[in-house]
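K.L.:
Numbering (this note's numbering), first residue to last: 110 to 333.
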């Protein structure tokens with residue numbers, strides 16, 4: 110039988126999702142504008158000959174960033190591996206694993222904040238910090254949302270909460286692409302061509318940005 114309440118709830122979910130996506134796009138656009146304005150100063154400097162010390166500083170920075178990105182990729186793998194096996198472990202063990210993931214992510218964010226980017230790389234590093242901050246927030250927000258879903262406290266609210274965490278992961282992946290582009294541009298501004306760094310994608314399954322698909326995701330986790 111067709112249920113008006115069900116249809117209304119579906120429309121409300123869709124509306125909330127569209128609002129979140131709009132906010133995410135606004136944030137990305139704002140970051141791009143700020144980056145562009147800040148980057149004008151860097152472009153004014155133009156190309157210049159780098160000393161051996163400057164090249165070593167840039168090389169050390171890229172290596173340090175690469176390590177953090179690899180760690181972030183590992184955390185995301187552990188995260189999805191953990192939640193995919195949620196029904197096979199006790200609540201206490203699941204909670205401990207999620208807390209460990211949050212702590213690892215927090216350390217990555219902290220380490221990125223403590224890095225001193227070389228001159229001309231300040232803008233690109235700002236993107237990187239946004240990436241790790243967004244990912245850390247998504248892991249932190251996911252934990253209470255998941256337990257709300259498992260406890261059947263309010264499936265509508267918990268589904269929206271979990272969907273939002275996946276949207277944040279998606280946003281972090283998009284921000285990382287901006288970081289890669291800006292890193293390459295920063296290198297070109299000082300005469301270093303083809304400056305690249307490894308890829309990083311947290312949300313492999315982008316269908317999880319859909320509330321309907323998240324409902325199925327929750328159902329799979331709760332299946333005994």
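Beta carbons are placed, not taken as given, at the ideal position from N, Cα and C, and that holds for glycine.
1. Since I believe residue 173 is in contact with residue 224 (beta carbons under 8 Å), could you give me their beta-carbon distance rounded to a whole number of angstroms?
2. Mind checking residue 323: buried by the 16 CB within 10 Å criterion, or exposed?
3. Mapping DSSP to helix, strand and coil, what is residue 180?
4. Suppose contacts are defined by Cβ-Cβ distances below 8 Å. Is residue 217 in contact with residue 191 by that definition?
5. Using the Cβ count rule (16 or more neighbours within 10 Å means buried), how would you classify residue 295?
6. For residue 262, which of helix, strand or coil comes out of DSSP?
7. Could you tell me the distance, in whole angstroms, from the CA atom of residue 273 to the CA atom of residue 183?
8. Alpha carbons only, please: which of 321, 277, 196 and 270 is nearest the one belonging to residue 311?
9. By the three-class DSSP mapping on this structure, what secondary structure does residue 296 have?
10. Can you tell which of 166, 195, 162 and 239 has its C-alpha closest to the C-alpha of residue 215?
11. CB residue 167 to CB residue 306, shorter than 8 Å?
P.N.:
With the structure as the only source:
1. On the chain shown, residue 224 is found 115 positions in, with the first residue counted as 1. On the chain shown, residue 173 is found 64 positions in, with the first residue counted as 1. Yes, they are in contact, since the Cβ atoms of residue 224 and residue 173 sit about 6 Å apart, within 8 Å.
2. Residue 323 sits at position 214 when you count from the first residue of the chain shown. Buried: at least 16 other Cβ atoms inside 10 Å.
3. Here residue 180 refers to the residue found at position 71 when the chain shown is read from its first residue. Helix at residue 180.
4. As a working mapping, residue 217 is identified with position 108 in the chain shown. As a working mapping, residue 191 is identified with position 82 in the chain shown. Their beta carbons are not under 8 Å apart, which means residue 217 does not touch residue 191 by this criterion.
5. As a first step, residue 295 is located in the chain shown; it is residue number 186 there, counting from the start. Counting Cβ neighbours within 10 Å, residue 295 comes out buried, since at least 16 surround it.
6. For the purposes of this step, residue 262 is taken as the residue at position 153 of the chain shown. If DSSP states are grouped into helix, strand and coil, residue 262 belongs with coil.
7. In the chain shown, the residue the question calls residue 273 occupies position 164. In the chain shown, the residue the question calls residue 183 occupies position 74. Using only the alpha carbons, I get a separation of about 22 Å.
8. In the chain shown, residue 311 corresponds to position 202, counting from 1. Taking only the C-alpha atoms, the option nearest residue 311 is 277.
9. By one-based count along the chain shown, residue 296 stands at place 187. Of the three classes helix, strand and coil, the one that applies to residue 296 here is helix, per DSSP.
10. Here the question's residue 215 lines up with position 106 in the chain shown. Looking at the Cα atoms, 239 is the closest of the given residues.
11. Locating residue 167 in the chain shown gives position 58, where the first residue counts as 1. Locating residue 306 in the chain shown gives position 197, where the first residue counts as 1. Not in contact: residue 167 and residue 306 (Cβ atoms no closer than 8 Å).
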